[in-house]
Amino acid sequence: MSQTESARATSSSFDVAAVRRDFPILKTTVHDKPLVYLDSAASAQKPQVVIDAERRVYEESYANVHRGVHQLSMRATDLYEGARVKVQKLLKAASHKEIVFTRGTTEAVNLVASSYGRRHVGAGDEVLITGLEHHSNIVPWQMLCEEKGARLRVAPLNDAGEVVFEELERLITPRTRIVSVAHVSNALGTVLPIARIVAAAHAQGVPVFVDGAQSVPRLPVDVRALGCDFYAFSGHKAYGPSGTGVLYGRADLLSSMPPYQGGGDMILSVTFEKTIYNDIPYKFEAGTPNIAGAIALGTAVDYMTALGLEAIHSYEDELLAYGTERLATVPGLTLIGTAAEKTGVLSFVLDGVHPHDIGTVLDYEGIAIRTGHHCAQPVMDRFGIPATARASLAFYNTREEIDALVLGLHKVREMFA
Amino acid sequence: MTHELRELYQEVILDHGKRPRNLREIEGARHKADGYNPLCGDRATIYLTLEGDVVKDASFVGKGCSISTASASMMTEAIKGKTRAEAEALFERFHALVTGEAPAVGAPALGKLEVFSGVSEFPVRVKCASLPWHTLKAALQGEAAAVSTETGAE
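Chains as they are written, first to last, in the numbering used here: chain A, 348 to 764; chain D, 3 to 156.
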């Protein structure tokens, strides 16, 4: 089947062949084989428009932002602030002031744990997370709890890799100060019922932080419909530049929070006696930001929006269903993570073959997957395994690439099993 | 299969990976150490019985990829009958082999362990091959602490 035919067979509305032409790296070869990139959950590839946007900033519009009266600085500022509005619209936030640019999701979690957390979490208090969190949504809270003498509580998973909602609800106590959960698990692909979790937390007056690193690239997200208080994502997983990211925070919460880092741009006036902090979001953007990166992230948002998050989601879900069905034909293969609500990720183990060996052999077939614990060691412990092999999907992947993966896995089995 | 891949996964390595030798505990072993590679979750516990300065028995238990399992298996075979100093010199020679460095002057011959030469083409797999050896070093020195590939052991 040609790529175009494959696209038609998969989805009448989604032209994957055209989309693939937008991503220059997809033309490269690895070990003389065409690249099959199934590691987008680790980091997504970039469309030409994003690469061009970042380059064009430096060629045509680069200067520092919020500082100069000169033409270039104003142009750069307009583009940078324009990117903020694009992100606001993507997340359906009420105001662009609720969008803080960060280095990524990790920095956003640290910002909230440090600023909101230090102010509101005290000795004997509790922070609630779930058993499927990425290390970046565990460690900052652990550090906060250690500093404050607070307790980190963890909502358990069932065997499918879903958070047991009743347990999570039970763990929201009068001592809970914040709930922090992933929208989509990076290791298993489980989609969490955020609106339900938010309702349960808000019923006890507890705010909710959502790690959207895996959801923003693949699901339509509406922070007001979800009702969450904070929402974060990484630019590099959303087809934008690495080193960019976003924290959404409700305006009243952000306004009441102390700054995270001190420096330029986050102040209104400084004397040696007293500093008056800037308004949100600038209060949280100390120093010169990743200007060109943020602007190119805005272009990535435009690109995803033009494709349509609904269309992206339904295409990727079809691919996931196809991949789930095809992987089941590989003898000795067990999927880890079989949640009813799942997206984008096929995590698996193969009898008698370590994930590391799977990864090395597949690499020689041109197939890039992730092997290891996926920065989610507690998830591996929950399933009693040291590691998994993980194929993660993006809208530029095809059924043929899934077929190549399955063929590669048969070769792996011939070698090791 | 390509040349490099065949060099990495030589028959001897695949064999020891599937059917590791000396895969057992030594009860009451006075020399024992745990090794851990947090990047891939590989674990190896090395057990040694020494008589004076000589390794009388060596074994391991653990979970790992074919490279680390084969390395542990072949290491336990290679060090039996060696003195501490000989075992450590063998590790140094082995380490030079898998990292593609020139062996030191007067380094011991590797014998069967030469099959790991292909690892040098795969920098991310060097830690797989060397984890059992780092752990062995700790066991020889009678260190109780766990060895991690991510705390400067490599």
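Backbone N, C-alpha and C define an ideal beta-carbon position, used for all residues, glycine too.
Under the Cβ criterion (8 Å, minimum of three pairs), the stretch 379 to 389 of chain A counts as touching the stretch 707 to 724 of chain A. Per DSSP, the continuous alpha helix (DSSP H) segment holding H549 of chain A begins and ends at 541 to 550.
Distances from the CA of S442 of chain A to each of A:G471, A:A423, A:D599, A:L566 were compared; the closest alpha carbon is that of A:D599. Under the DSSP assignment, S603 of chain A falls in the alpha helix (DSSP H) whose first and last residues are 598 to 603. Counting the other CB atoms within 10 Å of its CB gives S739 of chain A a total of 16 or more, which places it among the buried residues. Looking at D:M77, D:D55, D:Y38, D:A87, the one whose alpha-carbon comes closest to that of G66 of chain D is D:Y38. For the stretch 500 to 528 of chain A, there is no continuous beta strand (DSSP E) assignment of 3+ residues that stays within its boundaries. Closest in alpha carbon position to G592 of chain A, among A:V555, A:C575, A:F631, A:L573, is A:F631. For T376 of chain A, the number of other beta carbons within 10 angstroms of its own is below 16, and it is reported as exposed. A Cβ-Cβ contact shorter than 8 Å links L41 of chain D with G719 of chain A. Of the residues A:K439, A:S390, A:E445, A:H757, the one whose Cα lies closest to the Cα of T652 of chain A is A:K439. A contact between stretches requires three or more CB pairs, one per stretch, nearer than 8 Å, and the stretch 418 to 425 of chain A fails this requirement with the stretch 654 to 663 of chain A. Contact between C722 of chain A and H417 of chain A does not hold, since the beta-carbon distance rounds to 43 Å and is not under 8 Å. Closer than 8 Å to the CB of T51 of chain D there is not a single CB belonging to chain A. Ranked by Cα distance from T681 of chain A, the first of A:R403, A:D558, A:A736, A:I476 is A:A736.
In the three-state reduction of the DSSP assignment, S122 of chain D falls in the helix class, which pools H, G and I. Setting aside the 5 residues that flank it on each side, A560 of chain A is surrounded in the same chain by T452, F580, S581, K584, each with a C-beta closer than 6 Å to its C-beta; the list follows chain order.
With respect to chain D, the C-beta atom of A734 of chain A has a partner C-beta closer than 8 Å. In summary, I623 of chain A is exposed, with fewer than 16 beta-carbon neighbours lying within 10 Å of its beta-carbon over all protein chains present. Taken atom to atom, the span from the alpha-carbon of Q392 of chain A to that of A35 of chain D is near 42 Å. Listed along chain A are P733, each with a C-beta nearer than 7 Å to that of K65 of chain D. Contact between the stretch 395 to 408 of chain A and the stretch 541 to 553 of chain A is absent: fewer than three C-beta pairs spanning the two stretches fall below 8 Å. Under the Cβ distance rule, R23 of chain D does not count among the residues neighbouring chain A, no pair being separated by less than 8 Å. Residue burial annotation: K433 of chain A is buried, with at least 16 other C-beta atoms found within 10 angstroms of its C-beta. For V397 of chain A, the enclosing alpha helix (DSSP H) begins and ends at 395 to 403.
A:V648 is the residue among A:Y586, A:V648, A:L697, A:T690 whose C-alpha sits nearest the C-alpha of Q435 of chain A. For T718 of chain A, the chain D residues whose C-beta falls within less than 8 Å of its own C-beta are C42, listed in chain order. Within chain D, no residue has its CB atom less than 8 Å from the CB of M651 of chain A, the nearest being about 31 Å off. The stretch 53 to 105 of chain D contains, as complete alpha helix (DSSP H) runs of 4+ residues, the segments 68 to 81, 86 to 101 (chain order). The beta-carbon of T453 of chain A is placed no less than 8 Å from the nearest beta-carbon of chain D. Using a Cβ distance threshold of 8 Å, R431 of chain A and G471 of chain A do not count as a contacting pair. In this structure P628 of chain A is buried. Its beta-carbon is surrounded by 16 or more other beta-carbon atoms within 10 angstroms. Assignment of V553 of chain A by DSSP, reduced to helix, strand and coil, places it in the coil class. Residue burial annotation: H5 of chain D is exposed, with fewer than 16 other C-beta atoms found within 10 angstroms of its C-beta. Using beta-carbon distances, S75 of chain D does not count as an interface residue toward chain A, since no partner is under 8 Å. Not one beta carbon of chain A lies nearer than 8 Å to the beta carbon of F62 of chain D.
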